[in-house]
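Asker: One structure, pasted below without further comment.
Chains as they are written, first to last, in my numbering: chain H, 39 to 217; chain B, 84 to 287.
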């Protein structure tokens with residue numbers, strides 16, 4: 039399927055039973071859904087499950103013509119992500135029947151994650167100023183320790199944010215310099 | 084390359100700032116900003132690629148922060164979390180002027196020294212590391228300390244400690260005034276005994 043085909047056109051083709059259009063929607067939306075899942079579910083396996091669930095619901099809705107504005111496919115998928123994660127958190131489980139119906143054709147495309155050189159990163163972190171290194175370690179160790187950073191440093195949350203931004207910017211520059 | 088709104092490939096005209104992507108990933112954005120970021124990501128694969136880079140950097144930093152391999156001043160909360168998580172934490176507490184016999188074993192996962200000192204009124208505090216003759220070998224400049232803190236919690240590098248021969252190291256907390264003059268806040272002597280096989284000694 040040509041990437042020039044718009045979301046709206048894909049949605050219209052799916053209503054008329056175009057299987058290739060369905061595959062293109064999965065190809066296009068799968069990686070975006072997965073990122074959303076990684077952010078909100080903090081697990082690659084859970085993110086993969088979310089991709090399947092959201093694509094299934096999306097295709098169901100598209101086939102049934104329930105997407106009223108074909109231009110709004112991406113917002114529809116995002117909304118479906120949000121509702122699905124909410125449902126998960128409420129403990130709702132209803133995807134098994136849908137998975138049986140649609141099977142493994144909805145396995146998401148796995149976009150390769152960029153590789154990071156851990157040793158170089160360690161050298162770059164060690165090269166930070168003391169306050170920046172403390173903020174980085176406290177931020178990334180744990181959510182609770184991130185909140186404690188300001189108290190350790192004796193500064194406000196806003197200042198912690200400034201220091202963190204500066205440290206991350208320096209780390210990115212350092213990683214690009216040495217790579 | 085992106086497919087803005089599913090159309091032809093486009094460069095992102097309004098790329099999300101790296102700092103915003105990092106705060107999004109860390110769940111530090113207000114709800115309204117988070118929603119706006121997600122709407123952008125669902126129409127922009129360019130920024131999706133940038134988010135993947137951000138995730139990789141974030142995971143690398145998380146792994147590093149939890150590795151115990153960095154020499155860094157930390158907060159009590161980090162030590163508590165490590166203990167709660169079941170990590171093998173070795174902690175030594177020093178009063179000013181105290182000498183403590185210490186070591187590290189192969190299965191230790193976090194090594195912490197708690198250096199007690201009266202830090203009130205110190206605008207800047209440095210932590211100096213000296214050899215047994217008192218000659219400075221390394222300095223951590225302007226370390227973070229809360230104004231009400233009665234101690235500095237130093238996470239020592241396990242990589243360094245596990246490779247260290249039996250030796251004496253002197254740490255000094257120093258208050259630095261605006262003119263650059265130093266005032267000793269506390270001196271702490273580590274008498275390290277090696278328990279892990281390795282070279283008998285090293286050059287500083």
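Ideal Cβ placement from N, Cα and C applies to all residues, glycine included.
Tell me whether residue 55 of chain H sits in a helix, a strand or coil according to DSSP, three-state version.
Answerer: For the purposes of this step, residue 55 of chain H is taken as the residue at position 17 of the first chain. In the structure shown, residue 55 of chain H sits in coil (DSSP, three-state: anything other than H, G, I, E or B).
Asker: In chain B, what lies closer than 7 Å to residue 176 of chain H by C-beta?
Answerer: Counting from one through the first chain, the residue named residue 176 of chain H turns up at place 138. By Cβ distance, chain B contributes 157, 158 and 161.
Asker: In terms of alpha-carbon separation, which member of H/181, H/190 and H/195 lies closest to residue 110 of chain B?
Answerer: Against the second chain, residue 110 of chain B aligns to sequence position 27. The shortest C-alpha separation from residue 110 of chain B is found at H/181.
Asker: In the DSSP assignment, what residue or residues form a beta bridge with residue 185 of chain B?
Answerer: Mapped onto the second chain, residue 185 of chain B falls at position 102. B/275.
Asker: Looking at the unbroken alpha helix (DSSP H) that takes in residue 178 of chain H, where does it start and where does it end?
Answerer: In the first chain, the residue the question calls residue 178 of chain H occupies position 140. Taken as a continuous stretch (DSSP letters only), the alpha helix (DSSP H) holding residue 178 of chain H covers 168-179.
Asker: Going along the chain, which residues of the region 93-111 of chain H sit with their C-beta nearer than 8 Å to a C-beta in chain B?
Answerer: Listed by position along the chain: 109 and 111.
Asker: Thinking just about the alpha-carbon of each residue, which of H/153, H/213 and H/75 is nearest to the one in residue 93 of chain H?
Answerer: Position 55 of the first chain holds residue 93 of chain H. It is H/75.
Asker: Taking any Cβ of chain D, which residues in the region 158-170 of chain H have a Cβ under 8 Å from it, in chain order?
Answerer: The question asks about chain D, but that chain is absent: this structure's protein chains are H and B.
Asker: For residue 224 of chain B, which three-state DSSP category applies?
Answerer: Along the second chain, read from residue 1 onward, the residue named residue 224 of chain B stands at position 141. If DSSP states are grouped into helix, strand and coil, residue 224 of chain B belongs with coil.
Asker: State the start and end residues of the unbroken alpha helix (DSSP H) segment that holds residue 100 of chain H.
Answerer: Locating residue 100 of chain H in the first chain gives position 62, counting from the first residue. Element bounds for residue 100 of chain H: 82-101.
Asker: Report the three-state DSSP secondary structure of residue 250 of chain B (helix, strand or coil).
Answerer: The residue labelled residue 250 of chain B in the question sits at position 167 within the second chain. In this structure, residue 250 of chain B counts as strand in the three-state DSSP scheme.
Asker: Do we get a CB-CB distance below 8 Å when we pair residue 96 of chain B with the residues of chain H?
Answerer: In the second chain, counting from the first residue as 1, residue 96 of chain B sits at position 13. No, residue 96 of chain B lies away from the interface with chain H (no Cβ there is under 8 Å from its Cβ).
Asker: What span of residues does the beta strand (DSSP E) with residue 201 of chain B cover, start to end?
Answerer: If you number the second chain from 1, residue 201 of chain B lands on position 118. Run containing residue 201 of chain B: none; DSSP gives neither H nor E here.
Asker: Cβ of residue 165 of chain B within 8 Å of Cβ of residue 269 of chain B?
Answerer: Here residue 165 of chain B corresponds to residue number 82 of the second chain, with the count starting at 1. Here residue 269 of chain B corresponds to residue number 186 of the second chain, with the count starting at 1. No, the Cβ-Cβ distance between residue 165 of chain B and residue 269 of chain B is not below 8 Å.
Asker: So, with DSSP's three-state summary, where would you put residue 209 of chain B?
Answerer: Start at 1 with the first residue of the second chain, and residue 209 of chain B comes out as number 126. Residue 209 of chain B: strand per DSSP, three-state reduction.
Asker: Please state the DSSP three-state secondary structure of residue 130 of chain H.
Answerer: Locating residue 130 of chain H in the first chain gives position 92, counting from the first residue. Model confidence at residue 130 of chain H stands at a pLDDT of 49, short of 50, so the residue's coordinates are unreliable; what they give is reported in the following sentence. Coil.
Asker: With hydrogens ignored, establish whether the beta-carbon of residue 196 of chain H is closer than 7 Å to any heavy atom of the ligand GTP.
Answerer: Summarising the ligand content, the structure contains no ligands, and the ligand GTP is consequently not present.
Asker: Residue 172 of chain B lies in the beta strand (DSSP E); which residues open and close that run?
Answerer: One-based indexing of the second chain puts residue 172 of chain B at position 89. Looking at the DSSP string, the run of the beta strand (DSSP E) that includes residue 172 of chain B is 172-177.
Asker: Alpha carbon to alpha carbon, how far is residue 122 of chain H from residue 205 of chain H?
Answerer: By 1-based counting over the first chain, the position of residue 122 of chain H is 84. By 1-based counting over the first chain, the position of residue 205 of chain H is 167. The straight-line gap from Cα to Cα measures roughly 35 Å.
Asker: Whole angstroms are fine: how far does the CA of residue 188 of chain B sit from the CA of residue 249 of chain B?
Answerer: If you number the second chain from 1, residue 249 of chain B lands on position 166. If you number the second chain from 1, residue 188 of chain B lands on position 105. Rounded to whole angstroms, residue 249 of chain B to residue 188 of chain B spans 13 Å at the Cα level.
Asker: On the DSSP letters alone, give me the boundaries of the alpha helix (DSSP H) that residue 150 of chain H sits inside.
Answerer: Position 112 of the first chain holds residue 150 of chain H. Neither: residue 150 of chain H is in no alpha helix (DSSP H) and is coded neither H nor E.
Asker: Quick one, are the C-beta atoms of residue 160 of chain B and residue 183 of chain H less than 8 Å apart?
Answerer: As a working mapping, residue 160 of chain B is identified with position 77 in the second chain. As a working mapping, residue 183 of chain H is identified with position 145 in the first chain. Contact flag set, yes.
Asker: Keeping to the same chain, check which residues put their C-beta closer than 7 Å to that of residue 211 of chain H; ignore five residues upstream and five downstream.
Answerer: By one-based count along the first chain, residue 211 of chain H stands at place 173. Result list for residue 211 of chain H: empty, nothing under 7 Å.
Asker: Apart from the five residues on each side of it in sequence, which residues of its chain come closer than 7 Å, Cβ to Cβ, to residue 217 of chain B?
Answerer: Here the question's residue 217 of chain B lines up with position 134 in the second chain. Counting only Cβ-Cβ distances below 7 Å, and skipping sequence neighbours, we find 253.
Asker: Output the distance between the C-alpha atoms of residue 171 of chain H and residue 86 of chain H, rounded to the nearest integer angstrom.
Answerer: Indexing the first chain from 1 puts residue 171 of chain H at position 133. Indexing the first chain from 1 puts residue 86 of chain H at position 48. So the alpha carbons of these two residues sit roughly 34 Å apart.
Asker: In three-state terms, what does DSSP make of residue 258 of chain B?
Answerer: Taking the first residue of the second chain as 1, we reach residue 258 of chain B at position 175. Here residue 258 of chain B sits in strand by DSSP.
Asker: If you measure from the beta carbon of residue 257 of chain B to each beta carbon in chain H, is any gap under 8 Å?
Answerer: Within the second chain, residue 257 of chain B is the residue found at index 174, counting from 1. No - not a single Cβ of chain H is within 8 Å of the one on residue 257 of chain B.
Asker: Please list, in chain order, the residues of the region 198-224 of chain B that have any C-beta partner in chain H closer than 7 Å.
Answerer: So the list reads 223 and 224, given in the order they occur along the chain.
Asker: Does any C-beta atom of chain H lie closer than 8 Å to the C-beta of residue 105 of chain B?
Answerer: The residue labelled residue 105 of chain B in the question sits at position 22 within the second chain. By this cut-off, residue 105 of chain B is an interface position.
Asker: Counting Cβ pairs closer than 8 Å, one from the region 201-209 of chain B and one from the region 124-137 of chain B, do we hit at least three?
Answerer: As far as the Cβ criterion goes, the region 201-209 of chain B does not touch the region 124-137 of chain B, which means the pair count is below three.
Asker: Anything in the region 167-183 of chain B with a Cβ closer than 7 Å to a Cβ of chain H? List those residues in chain order, please.
Answerer: Residues passing the 7 Å Cβ filter: none.
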